[in-house]
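S.K.: Right, I'll just put the structure down here and ask away after.
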Amino acid sequence: MANRFSGASFLRKETTATPELVLGRVFDHRFEKKSGGRKKGVEDGNSHYRKGVAGDWVNHFDRKHCEAFIDRFSDVLQVTGYEADESWVDEHLAALEEARVTT
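Numbering follows this note's numbering, in which position 64 of the sequence shown is assigned residue number 383; successive positions increment by one, without gaps.
Next comes the structure, spelled out in structure tokens:
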């Protein structure tokens, strides 16, 4: 994966980072290190590093967060293939509302 994104323009500037450098940075910034030793899945609601679980953002993004994310990163989501357009926001907010109604 590091090779696929090395020098990619979605980083907003060209880079000569090697795959080894990228993987080193990933290792340096892993959840266990940033959270002070907590394992992934162990939540601390008061910490910036809440849980370390992929997808947990859906429990925390409201409309304000979604709009800010689109303003900065909409093109990145599309270039990397995560989203085809910005319709994910409405789908996410509808799912949040449905979860609130059923709980």
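Every residue, glycine too, gets a C-beta built ideally from N, C-alpha and C.
(1) Using beta-carbon positions only, say whether K370 and G360 come within less than 8 Å of one another.
(2) Have a look at E386 and G343 and give me their C-alpha separation to the nearest angstrom.
(3) Suppose only complete runs of 4+ residues qualify. What are the alpha helix (DSSP H) ranges in the stretch 324-408, listed by chain order?
M.R.: Here's the rundown:
(1) The Cβ-Cβ distance between K370 and G360 falls below 8 Å.
(2) Straight-line Cα distance between these residues: approximately 32 Å.
(3) Counting whole runs of 4 or more residues, the stretch 324-408 contains the alpha helix (DSSP H) stretches 338-347, 350-353 and 382-398.
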